[in-house]
Amino acid sequence: MPAGMVIVGAGECGVRAAVALRENGFDGPVTLIGEEAHLPYERPPLSKQAMTAPDMPLARTILDAEGFARLGVDFVGRNPAARLDRAGRAVHLGDGRIVPFERLLIATGSVPRRLALAGSGPRIAYLRTFDDALAIRARLRGNCRVAIIGGGFIGLELAASARSLGAGVSVIEAQPRILMRGVPAEIAAVVHDLHRGKGVEIACGEQIASIEDETHHILIRLAGGHAVEADLAVIGIGAIPVTSLAESAGLAVDNGIAVDDRLRTSDPNIFAAGDCCSFPLSVYGGRRVRLEAWRNAQEQGALAARNMLGADESHAAVPWFWSDQHEMTLYIAGLADEGRSVVRRDLGGGAFILFGLAADGRLVAASGIGQGDTVARDIRLAEMLIARQARPDPSALACAGTKLRQMLAA
Amino acid sequence: MTDWIEACGAEDIDEEDVIRFDHAGRTFAIYRSPGNEYFATDGLCTHEKVHLAGGLVMDDIIECPKHNGRFNYKTGAARGAPVCVDLRTYPVKVEDGKVFLQVG
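Sequence lines, in order, name chains A and B. Under numbering that gives the first Met the number 0, the residues of the first sequence are numbered 0 to 409, in order. Under numbering that gives the first Met the number 0, the residues of the second sequence are numbered 0 to 103, in order.
If you want it as structure tokens, here you go:
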């Protein structure tokens, strides 16, 4: 068999890359290698609809067997890549199979950071896969008490889902506030109050001293002296990039598999994209970042595919993501910590947007929250302004009557 | 022949924008194009049932606010991943400054 394009990792990023290879006219062999038993599926619903849907949820398949057949993509599931042989240009799979490649994309994603002192057991859970989601869902019924360790997006989305099912929910966060990473304090405060209003208990600045499995429940002792009793603890304290395949093959790793703006690793025939890679963000002068976001995974997968075919395109996208929290949704474009000053725009109904401006007046971030998708459109327009490195008038940004679209046209 | 339903005032929608319109348990999205024409589609994205009215209109495209799926709102045609199922469209007319939909 001639060597073709091989993708390791069958999440959103890897699948998007496989599709993009065909969309861009590549007609040689394409192999997509995944380690899970399921067909590739969407992860965003796992913390939300997969928990709350009244009927047993099905994984939301991104591409089914028919789709793979139609595209002529060889999907190899349940078979993790065990070793990367760069000299021989081949990937060795868990079952011993050897897949040669002309160009390789590593899209292995990230896995939950483990909390060592939690150990493992039936009452300790992490959320990454569909099977993880089913396991948590199975325990969330009835008058369950769930402790969520970590007040980040996964933890808080899960808190909202669990609470809507009637579970008692306690969130324990080590940092002084929730959503410390990437979300401005004013917006985190709204999310905090929203959860409190729904009956979610939130304890910030609390270190965990111990987690004891007492057979019928677990007891989480906090360093401050309090204790939380729960039937289930879900740990959401961040994710770490899956870099072992790249690392053991000697590829450069720097908070993720290090790639250039073309998503190329230190080996010109090997690319990396999505949660597993760190890359220079051109809009911020090449600042190296690693993103864990659905759209980034998609865009980078598609871009890596084009570059594997020789397009030589630079990744220029602005980070963008959203998170559902009860009936509100927050949207963020850009990286909030790039801002040196902040302009607030109130949209009514409690919705507002915080624009972050750099010292030279460039718009570098926009973070908003409101009922449903109230702020979605403005954040999307702000994202375009950020990409253009626009310097909008701060007083116009503050005024809800001034449409962002007009600034974009200016 | 189904009836025309009065949905909103023509000026309730900005140019190159969209609003949500709920009627008889269904939800629709009504668009005003940059060329000042009006169009209507089903209100929910065919991908994850997100209200399209929260999304951004760019020329003849509506972009889903959550997953960036894109449709041509004039024809309903899905414009690539993650959306692959077209949107249903509905006839629209504007009379006396009011927008009417035929939702049958």
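Glycine included, C-beta positions come from ideal geometry on N, C-alpha and C.
| Asked | Found |
| --- | --- |
| R195 of chain A to R387 of chain A span [Cα, whole Å] | 39 Å |
| Secondary structure of C275 of chain A, DSSP reduced to three states | helix |
| Sequence ranges, alpha helix (DSSP H) only - wholly within the segment 195 to 244 of chain A, length at least 4 | none |
| Residues near A395 of chain A in its chain [Cβ-Cβ closer than 6 Å; skip 5 each side] | T401 |
| Contacting residues, own chain, Cβ-Cβ under 7 Å from L116 of chain A (five flanking each side not counted) | I207, S209 and I210 |
| Residues, ordered as in the chain, of the segment 380 to 393 of chain A that lie near chain B by beta-carbon distance below 8 Å | L380 |
| Contact list for the segment 361 to 376 of chain A against chain B, Cβ threshold 7 Å | G371, D372, A375 and R376 |
| Three CB pairs or more closer than 8 Å across the segment 120 to 133 of chain A and the segment 250 to 270 of chain A | no |
| A89 of chain A to A245 of chain A span [Cα, whole Å] | 13 Å |
| Any chain B beta carbon closer than 8 Å to R69 of chain A | no |
| Three-state class that DSSP yields for R162 of chain A in the structure shown | helix |
| is_contact[R144 of chain A, chain B] using C-beta, thresh 8 Å | no |
| Any chain A beta carbon closer than 8 Å to H22 of chain B | no |
| Own chain partners of Q297 of chain A with C-beta closer than 8 Å, once the 5 adjacent residues on each side are dropped | E11, C12 and R15 |
| Residue-level contact to chain B via CB, R85 of chain A, 8 Å cutoff | no |
| CB contact flag (A187 of chain A, R176 of chain A, <8 Å) | yes |
| G54 of chain B at chain A interface by Cβ criterion, 8 Å | yes |
| First and last residue of the uninterrupted alpha helix (DSSP H) at R412 of chain A | The structure shown does not extend to residue 412 of chain A, since chain A spans only 0 to 409, so no value can be given for it. |
| For S322 of chain A, three-class secondary structure by DSSP | strand |
| Segment limits, beta strand (DSSP E) that includes A248 of chain A | Premise fails: A248 of chain A is in no beta strand (DSSP E) and is neither H nor E. |
| Under 7 Å from the C-beta of V18 of chain A: neighbouring residues of chain B | A80 |
| Counted within 10 angstroms of its Cβ, other Cβ atoms place T74 of chain B as buried (16 or more) or exposed | exposed |
| R42 of chain A at chain B interface by Cβ criterion, 8 Å | no |
| Buried versus exposed call for K65 of chain B [16 or more other C-beta atoms within 10 Å across all chains shown] | buried |
| C-alpha distance - G68 of chain B paired with H50 of chain B, whole-angstrom precision | 12 Å |
| Beta-carbon proximity list for F20 of chain B, same chain, < 6 Å, skipping 5 on both sides | A6, F27 and I29 |
| R294 of chain A: contacting residues in chain B (beta-carbon distance under 9 Å) | H66 and N67 |
| Candidates B:G53, B:L86, B:C44 and B:V93, of which the one nearest G8 of chain B by Cα | B:V93 |
| Under the three-state DSSP convention, the category E94 of chain B falls into | strand |
| C-beta contact flag for A304 of chain A and A19 of chain A at 8 Å | yes |
| The segment 3 to 35 of chain A: positions lying closer than 7 Å to chain B by Cβ | R15 and V18 |
| Local Cβ density within 10 Å of A314 of chain A, reported as buried at 16 or more and exposed below that | It is His, not Ala, that sits at residue 314 of chain A in the sequence shown. Per the 10 Å Cβ criterion, buried. |
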